[in-house]
Amino acid sequence: MEKGKQRSAGGPYEALLYPEEDPHPYVGIYDRPLPCCGCGIGWFCFLVGFIFPLLWYYGTIRFFWTQRQNDPRERPGLAACAIAALVSTVALVITLIILLVLHQI
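Taking the working numbering, the leading residue of the sequence shown gets 3, the next gets one more, and so forth.
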């Protein structure tokens, strides 16, 4: 049988990682749990941002300015913060424009 091939109840299977060889360099980097109850800073800011919308802007700043230092598991939550901040800013601007136009009439 070839090296790395194992026969098991139906056919050959190839092991993904051999303990005798060099392990993949990224194995174990993301084993630590995320902060904030395991959901990460990004999702925490997104969820709490519905109560305190300034957290969406904090998440947006972290998404754009610390992107290389962030754990890749944090990026979806921080991107959600950026989208929520954009939507809330557009809604605020439209509301202010409408209020200013109605006030002048």
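Glycine included, every Cβ here is placed at the ideal spot set by N, Cα and C.
Residue i classed as buried or exposed, judged by whether at least 16 other C-beta atoms fall within 10 angstroms
{"i": "A82", "result": "buried"}
{"i": "L94", "result": "exposed"}
{"i": "W67", "result": "exposed"}
{"i": "G40", "result": "exposed"}
{"i": "L80", "result": "buried"}
Spatial distance of residue i from residue j (CA atoms)
{"i": "P84", "j": "I100", "result": "In the sequence under discussion, the amino acid at residue 84 is Ala, which differs from the Pro named in the question. Straight-line Cα distance between these residues: approximately 24 angstroms."}
{"i": "Y59", "j": "Q106", "result": "31 angstroms"}
{"i": "I63", "j": "L57", "result": "10 angstroms"}
{"i": "N72", "j": "P14", "result": "39 angstroms"}
{"i": "L36", "j": "A86", "result": "22 angstroms"}
Three-way DSSP call (helix, strand, coil) for residue i in this model
{"i": "P14", "result": "strand"}
{"i": "C39", "result": "coil"}
{"i": "P74", "result": "helix"}
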